[in-house]
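Trainee:
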Amino acid sequence: MPSARLDPATRSRSLANLGREEVDILVVGGGVTGAGIALDAATRGLRTAIVDGQDWGAGTSSRSSRLVHGGLRYLYNLDFRLVAESLHERGILLTTTAPHLVTAQPFLWPLRTPVIERAYSAVGVGMYDALGLIGARRRTVPFQHHYSLTRTKEVFPDAREDALVGSIRFFDARVDDARLVTTLIRTAVRYGAHAVSHAEVTELPRDATGRVTGAVVVDHLSGEQVEIRAGHVIGAVGVWTEHLQGLAGSEGPLHVLASKGIHLVVPRDRIRGNAGMFLRTEKSVLFIIPWPDHWVIGTTDTPWSEDLTHPVASARTWTTSSSTPTRCSPRGSRART
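Be aware that the sequence shown starts at 32, since it is given in my numbering, and climbs by one per residue.
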């Protein structure tokens, strides 16, 4: 079986081979979606290649909220199928695919009023637990547990006593997102895939019928231009989807609306707590997520029309806390036209 090393020598060999051989599948985009597609194709015995104009996971897939979750908030929209599918995938990641990178993470759902709020919240979280059990076909995280105000303060000492009457503990999972992407790429390489980062697609050649037959990439490290012949080209480029469609000579059926996700990154010692916190906001939800040395607090979801490759926090963002580091991530939502 080929080596899974992602070193300069392996990269150079892959690029040289791609200039000589035709592959069955060429994946454009080295985020978690593209990496997963490449691994799936390679393990099916298909001749596979994956390229990215930046490093692996350099876009959204290294700037996420670090969560693997089923989407508790989507239960409010009654989207049971989406939640069940996400919880099924969470169970696979926790138990089979990446238990060394994905770990169960407790969260507190704060309760502001007694009895009624606790009752309907328990139903919602209970349904979330049930869908997780059904999706994973076994119990992969503990079920909900109800806390009094005293117990909530023991778990999260910095919770304000005047802001809640108790809480419900439930579990989701957290992930080292960039390492997960790199691991997927390495595993695909072990199964024979060619993987070349920092190789930007600049052209998508087509035959007489208009069918895309591969891609022309420019190696940003050497300046070399290589034409890759492929039976099928799959775009997994997120917010760059319309650009890739343009290279293919088509506007395509989808428009991707870029949005900005802002996270506040706070030193771990600034907040005393032994669990995460899940908060409802006026328009969405807010996660306070523990990480080894920090808390990751977010996220926003607002339109973004500036540079996609290197997004930065805007001046308006900085006015919220000039002394707190922020991370900005470009994310895409698909809008059908």
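Beta carbons are placed, not taken as given, at the ideal position from N, Cα and C, and that holds for glycine.
Is the distance from the Cβ of D83 to the Cβ of S228 below 9 angstroms?
Mentor: Stepping through the sequence shown from its first residue, residue 83 is reached at position 52. Stepping through the sequence shown from its first residue, residue 228 is reached at position 197. The answer is yes: Cβ separation under 9 angstroms.
Trainee: Three or more C-beta pairs closer than 8 angstroms, one from the segment 208 to 218 and one from the segment 78 to 94: is that the case here?
Mentor: Touching, yes, given that three or more Cβ pairs across the two stretches are closer than 8 angstroms.
Trainee: From G122 to A204, what distance separates their C-alpha atoms?
Mentor: Along the sequence shown, read from residue 1 onward, the residue named residue 122 stands at position 91. Along the sequence shown, read from residue 1 onward, the residue named residue 204 stands at position 173. Cα to Cα, the separation comes out at about 9 angstroms.
Trainee: Which runs of the alpha helix (DSSP H) fall wholly inside the segment 256 to 338 and span at least 4 residues, in chain order?
Mentor: Listed in chain order, the complete alpha helix (DSSP H) runs (minimum 4 residues) inside the segment 256 to 338 are 272 to 278.
Trainee: Kindly indicate the opening and closing residues of the beta strand (DSSP E) around V82.
Mentor: Position 51 of the sequence shown, counted from the first residue, corresponds to residue 82. Here the beta strand (DSSP E) through V82 covers 79 to 82.
Trainee: Could you please give the first and the last residue of the uninterrupted beta strand (DSSP E) stretch that includes H225?
Mentor: Here residue 225 refers to the residue found at position 194 of the sequence shown. Here the beta strand (DSSP E) through H225 covers 225 to 227.
Trainee: Let me make sure I understand the geometry here. Which of A230, R170, G62, S179 has the alpha-carbon closest to that of P145?
Mentor: The residue given as residue 145 occupies position 114 in the sequence shown. Checking every option, the nearest Cα to that of P145 belongs to S179.
Trainee: Counting C-beta neighbours from all protein chains within 10 Å, is the total for A239 16 or more, i.e. buried, or is it exposed?
Mentor: The residue you call residue 239 lines up with position 208 of the sequence shown. Exposed: under 16 other Cβ atoms inside 10 Å.
Trainee: DSSP on F174, reduced to helix/strand/coil?
Mentor: For this step, residue 174 is matched to residue 143 along the sequence shown. F174: coil per DSSP, three-state reduction.
Trainee: For G90, does the three-state DSSP call read helix, strand or coil?
Mentor: For the purposes of this step, residue 90 is taken as the residue at position 59 of the sequence shown. It is coil, neither helix nor strand.
Trainee: Count the other CB atoms within 10 Å of the CB of Q136; is the residue buried (16 or more) or exposed (fewer)?
Mentor: Position 105 of the sequence shown, counting from 1, holds the residue named residue 136. When all chains shown are included, Q136 counts as buried.
Trainee: In three-state terms, what does DSSP make of L195?
Mentor: Position 164 of the sequence shown, counted from the start, is the residue given in the question as residue 195. If DSSP states are grouped into helix, strand and coil, L195 belongs with coil.
Trainee: How is P39 classed by DSSP in three states: helix, strand or coil?
Mentor: Locating residue 39 in the sequence shown gives position 8, where the first residue counts as 1. The answer is helix: DSSP assigns P39 an H, G or I state.
Trainee: If contact is defined by three or more beta carbon pairs under 8 angstroms, each pair taking one atom from either stretch, is the segment 274 to 291 in contact with the segment 306 to 316?
Mentor: No, the segment 306 to 316 does not touch the segment 274 to 291.
Trainee: Let me check one thing: in DSSP terms, what residues is L57 bridge-paired to?
Mentor: Within the sequence shown, residue 57 is the residue found at index 26, counting from 1. Paired residues: A80, V264.
Trainee: Does DSSP put H208 in a helix, in a strand, or in coil?
Mentor: The count along the sequence shown starts at 1 and reaches residue 208 at position 177. Sequence inspection shows Asp at residue 208; the His mentioned does not correspond to that position. Looking at D208 - three-state DSSP - the assignment turns out to be helix.
Trainee: Among L132, Q175, R170, which has the Cα closest to the Cα of S152?
Mentor: By one-based count along the sequence shown, residue 152 stands at place 121. The shortest Cα separation from S152 among L132, Q175, R170 belongs to Q175.
Trainee: What is the C-beta distance between V247 and E258, in whole angstroms, given that I count them as a contact (C-beta under 8 angstroms)?
Mentor: Counting from 1 along the sequence shown, the entry for residue 247 is found at position 216. Counting from 1 along the sequence shown, the entry for residue 258 is found at position 227. With a Cβ gap of about 5 angstroms, V247 and E258 count as contacting.
Trainee: So for E185, helix, strand or coil by DSSP?
Mentor: Translated into positions along the sequence shown, residue 185 becomes position 154. Correct three-state label for E185: helix.
Trainee: Counting beta carbon pairs with one atom in the segment 89 to 100 and one in the segment 190 to 209, are three or more of them shorter than 8 angstroms?
Mentor: They touch, by the three-pair rule.
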